[in-house]
Structure formats: C-alpha cells, structure tokens
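Chemist: Handing you a structure now.
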Amino acid sequence: MRTPRKDGFYMPGEFEPHSGCIIIWPHRTGSWHYGARPAEKAFTEVIKAIAESERVYVFCGIGKAEHVRGALGGDIAIIEADTDDSWARDIAPTFVKNAAGEIRAVNWEFNAWGGETDGLYAHWEKDNAFARTVAERLGVPLYDAAPFVLEGGSIHSDGEGTLLVTESCLLSAGRNPTLGKAEIEEKLKEYLGAEKVLWLPRGIYNDETNEHVDNVCAFVRPGEVVLAWTDDENDPQYALSRADYDYLAGETDAKGRQIKVHKLPIPDRPVTITKRDLDGYVFEEGEDVREAGERLAASYCNFYFSNGAVIIPAFGGENAESDERAAEILRKVTGRKVIQIAAREILLGGGNIHCITQQIV
Numbered sequence: 313m314r315t316p317r318k319d320g321f322y323m324p325g326e327f328e329p330h331s332g333c334i335i336i337w338p339h340r341t342g343s344w345h346y347g348a349r350p351a352e353k354a355f356t357e358v359i360k361a362i363a364e365s366e367r368v369y370v371f372c373g374i375g376k377a378e379h380v381r382g383a384l385g386g387d388i389a390i391i392e393a394d395t396d397d398s399w400a401r402d403i404a405p406t407f408v409k410n411a412a413g414e415i416r417a418v419n420w421e422f423n424a425w426g427g428e429t430d431g432l433y434a435h436w437e438k439d440n441a442f443a444r445t446v447a448e449r450l451g452v453p454l455y456d457a458a459p460f461v462l463e464g465g466s467i468h469s470d471g472e473g474t475l476l477v478t479e480s481c482l483l484s485a486g487r488n489p490t491l492g493k494a495e496i497e498e499k500l501k502e503y504l505g506a507e508k509v510l511w512l513p514r515g516i517y518n519d520e521t522n523e524h525v526d527n528v529c530a531f532v533r534p535g536e537v538v539l540a541w542t543d544d545e546n547d548p549q550y551a552l553s554r555a556d557y558d559y560l561a562g563e564t565d566a567k568g569r570q571i572k573v574h575k576l577p578i579p580d581r582p583v584t585i586t587k588r589d590l591d592g593y594v595f596e597e598g599e600d601v602r603e604a605g606e607r608l609a610a611s612y613c614n615f616y617f618s619n620g621a622v623i624i625p626a627f628g629g630e631n632a633e634s635d636e637r638a639a640e641i642l643r644k645v646t647g648r649k650v651i652q653i654a655a656r657e658i659l660l661g662g663g664n665i666h667c668i669t670q671q672i673v
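Numbering-wise (the working numbering), the sequence shown opens with residue 313 and increments by one.
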C-alpha cells in the first residue's frame with residue numbers, strides 16, 4: 313500500500329506558503345446559536361482577512377451558495393457540499409507535498425471527537441465523507457488512512473520532520489483504543505512523512521476535543537513554538553501548561569534542536585457561556601449540550617497563518633488587554649502583520665479560527 317512517506321510526501325509547516333484555504337459555512341444549530349447569524353459575521357471576517365493574501369474555498373450546504381455569495385461578495389470560491397458541522401480543520405483532508413511541490417491529500421477517519429465513547433454528536437457521516445469530497449472537487453490525489461481516527465486540530469508540523477500532538481487527545485479511549493502509543497506514532501510518521509513526534513501531556517482546560525494541540529501549542533517556525541500560558545497557579549490551566557512547558561524543556565526536535573518556547577497568555581478572564589447565549593441553541597438528540605456559566609476553551613494559540621498575516625482571535629471586554637498582549641507577542645515572534653478578529657462567536661461553537669480553517673499547501 314502506498315503512503316505519503318513511501319512516496320516522498322510530508323506535511324509542511326503551517327507558516328509556509330499556501331495555495332489556498334478551506335472554510336465551511338456555519339449552519340449546525342447545536343454549535344452556532346440564533347440560526348448561525350452571529351457566527352456568519354465572524355466567519356465572514358475571517359474569510360475576508362485570509363482572502364487578502366490567498367485563495368479561499370468556502371464550502372456550504374446544498375442550495376446555500378446564493379446566500380453565502382450574498383454575505384461574502386468578492387472573489388471567493390463557493391462550493392456546495394453537505395456537512396454535519398463546520399470544523400474544516402478536523403474534517404477536511406490534511407494536505408502533504410513532495411520536494412517537487414506536488415500536492416496530495418490524506419483522509420482520516422472522523423468520529424465526532426470520540427465516537428460512541430465521548431463523541432460530541434450522534435451522527436457524523438457527512439463530516440466523515442467530507443475529505444473525499446474536497447479531494448474530488450479540487451482534483452487532488454488522496455491517500456486513505458481510515459480507519460485510523462484523527463482530526464487536523466490534533467496535529468502540528470514544523471515541516472522539517474517534527475510533529476506536535478497531545479497525549480490527552482491521541483491516547484483517548486474514543487480515538488484508536490486498539491492501538492498503543494508506538495503504533496499511533498508510526499501511523500503519524502507514515503502518513504505525514506514525519507521523523508519525530510513530540511507528545512505534549514495536556515491541552516487547554518475544558519477543551520471538548522480531548523485537548524487538541526492546536527489550542528495549546530503551535531510552531532511559529534522550525535524549533536520554535538508558542539505555548540498557552542498563565543502565571544496564576546490557581547487557574548486550572550496552570551498545571552496543564554506547566555506540564556507541557558516542562559516536557560518541552562527536556563525535548564529536541566527531529567533535527568536535534570532544543571525547542572524554544574514563547575509563552576502566549578490565555579485570556580485574563582475566563583470566557584463563559586451566558587444564559588442569553590444558551591437560549592439561542594437548538595440541540596439534536598445525542599448531541600453534547602452546553603450550560604450557562606460553562607468555561608470555554610479560549611486560547612490565542614488557535615490562530616491561522618495566512619500568506620500575508622497571522623489571523624488571531626480577540627475576545628474583547630475584560631480581555632481587551634490580554635488581546636493586545638497576545639497580538640504583540642505574535643507580531644514579534646512571527647514577524648508578520650497580525651489581524652485580530654472578534655472571535656467569541658466562533659468560540660461559542662467549541663473552537664476558534666484555526667479550527668474553522670484548513671490550509672492547502
């Protein structure tokens with residue numbers, strides 16, 4: 313069986329140039345309250361920011377193209393394809409390339425972040441089919457890694473042989489319970505062309521994806537990462553971030569470099585769901601529900617590298633100061649223009665800017 317590693321393909325770093333970006337228009341009423349209208353505005357801002365420097369492909373439900381075109385305008389590619397939800401990072405294919413610059417895609421099995429064990433909704437067939445749909449529509453050859461369960465938000469690559477993942481996610485009972493850590497690692501290397509996997513212990517507190525790595529840590533260039541951080545030892549995030557920091561301090565990457573860690577603050581105040589937020593949801597049977605006062609997994613690490621900028625979330629209000637501190641840190645460590653998007657409405661769905669995007673290498 314052919315695999316990316318056998319064929320000389322690998323997953324580039326997200327900070328490398330892209331040929332485009334995939335986004336799925338929000339529609340699920342259990343994720344996006346009040347008919348997804350507030351989320352549509354936030355998605356639109358993200359799309360327009362990315363479109364300044366790269367092609368954006370917006371997928372939407374059958375019969376919804378005219379509505380989306382009216383909301384977006386401009387030179388945005390709109391493609392109709394039904395999905396269960398709008399987390400492009402987790403259900404679109406992972407794109408890989410070779411030394412000649414040829415692009416291929418990888419399809420993973422998707423089971424709504426845990427399947428029957430602790431998945432977030434009862435039906436995910438459309439989402440699981442989406443990667444194949446994307447590859448067909450874009451004309452990209454596809455490797456099939458199924459039935460291996462993986463989401464795009466659970467991996468980060470430095471483009472030089474090193475992957476970042478979290479133990480809390482990839483070793484969770486709802487993903488690949490018949491595989492041991494070494495077997496999972498080998499599967500990642502085979503399909504992502506990697507040489508070394510760095511297993512961070514934990515992710516962001518209360519992250520319902522079993523703590524995806526993209527919410528807690530990200531490569532900004534080979535050998536350097538940003539790590540979500542708080543100095544408040546009473547905050548439940550402190551112990552999780554400290555465990556990751558201590559782990560990284562003792563590790564090197566695939567090239568033997570010591571990892572340089574830039575601490576990126578979490579929001580100063582927890583971002584929570586209000587009663588008014590909750591009143592706007594319509595949950596399906598078997599779907600994970602929310603509660604008023606619930607702390608959301610807010611993180612500035614959940615950003616997107618466009619070709620021309622870093623698109624990062626802002627939470628506003630009591631977090632205006634941490635919004636600005638995070639922007640300044642990312643401006644300094646990436647050397648790029650920073651575009652901040654008011655992203656609380658995306659966070660209310662359960663993820664953020666990185667979660668709703670998937671770069672095409």
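Note that the Cβ used here is the ideal one computed from N, Cα and C, for glycine as well. None of the values given here were measured: they were computed from a predicted structure.
1) To the nearest angstrom, how far is the alpha carbon of TRP399 from that of GLY413?
2) Pull up the distance between the alpha-carbon of PHE371 and that of GLU545, whole angstroms please.
3) Here's the rule: buried if 16 or more other CB atoms are within 10 angstroms of the residue's CB, otherwise exposed. What is LYS572?
4) How long is the line joining the alpha carbons of TYR369 and ALA363, rounded to whole angstroms?
5) Excluding sequence positions up to five away, which residues of its chain have a Cβ less than 7 Å from the Cβ of HIS330?
6) Go ahead and pull the three-state DSSP assignment for CYS481.
7) Going straight from the alpha carbon of GLU676 to that of PRO338, what length do you get?
8) Would you say the region 623 to 630 touches the region 652 to 664, given that touching needs at least three Cβ pairs under 8 Å?
9) Can you tell me which of the three DSSP states VAL525 falls into?
10) Assuming ASN440 is part of the alpha helix (DSSP H), what are its boundary residues?
11) What are the uninterrupted segments assigned as alpha helix (DSSP H) that are 4 or more residues long and contained completely in the region 314 to 348, given in chain order?
12) CB TYR455 to CB ASP600, shorter than 8 Å?
13) Any chance you could list the alpha helix (DSSP H) runs of at least 4 consecutive residues sitting entirely within the region 549 to 617, in chain order?
14) If contact is defined by three or more beta carbon pairs under 8 Å, each pair taking one atom from either stretch, is the region 553 to 573 in contact with the region 525 to 543?
15) Alpha carbon to alpha carbon, what distance is there between LEU590 and TRP436?
16) Quick one: measure Cβ to Cβ for TYR616 and ILE665, integer angstroms, because I've assumed they're closer than 8 Å.
17) Within the region 394 to 426, note down every full alpha helix (DSSP H) run reaching 4 residues or more, in order along the chain.
18) Going by Cα to Cα distance, which pick from ASP519, ALA561, PHE321, ASP526 is closest to GLN549?
19) How big is the Cα-Cα spacing for PHE442 and ILE336?
20) Give the DSSP-derived three-state secondary structure of VAL532 in the structure shown.
21) Say whether the region 393 to 410 touches the region 454 to 469, bearing in mind that this needs 3 or more beta-carbon pairs closer than 8 Å, one atom from each stretch.
22) Select from ALA530, ALA561, PRO579 the residue whose C-alpha is nearest the C-alpha of THR646.
23) Whose C-alpha, out of ARG314, GLU357, ASN440, is nearest the C-alpha of ALA383?
24) What are the start and end residues of the alpha helix (DSSP H) that includes VAL645?
25) How many Å lie between ARG340 and ASP526 at the Cα?
26) DSSP on LYS508, reduced to helix/strand/coil?
27) Going by alpha carbons, who is nearest to GLY373 out of LEU539, ASN631, CYS481, LYS438?
28) Helix, strand or coil: which one does DSSP assign to LEU454?
29) Run through DSSP, which three-state label would LEU384 get?
30) With a threshold of 7 Å on Cβ separation, who are the neighbours of ILE388 within its own chain once the five nearest residues in sequence on each side are excluded?
31) How many whole angstroms separate the CB atoms of LYS501 and GLU507, which I take to be in contact at a CB cut-off of 8 Å?
32) Ordered along the chain, which non-local residues of its own chain (more than five positions away) have a Cβ less than 6 Å from that of SER634?
33) Please identify the residue among GLU597, GLU596, GLY598, ARG602 whose C-alpha is closest to the C-alpha of THR584.
34) Please name the residue, chosen from TRP420, ARG643, LYS318, ASN423, that lies closest to VAL538 on a Cα-to-Cα basis.
Modeler: Reading off the structure:
1) 27 Å
2) 42 Å
3) exposed
4) 10 Å
5) GLU366, ASN619, GLN671, ILE672, VAL673
6) helix
7) Residue 676 lies beyond the stretch modelled for the chain, which goes from 313 to 673, so this question has no answer here.
8) yes
9) helix
10) 437 to 450
11) 316 to 319
12) no
13) 587 to 591
14) yes
15) 23 Å
16) 5 Å
17) 400 to 403
18) ASP519
19) 10 Å
20) strand
21) yes
22) ALA530
23) GLU357
24) 632 to 646
25) 22 Å
26) strand
27) LYS438
28) strand
29) helix
30) ILE359, ALA363, VAL368, VAL370
31) 7 Å
32) PRO577, PRO579, ASP580
33) ARG602
34) ARG643
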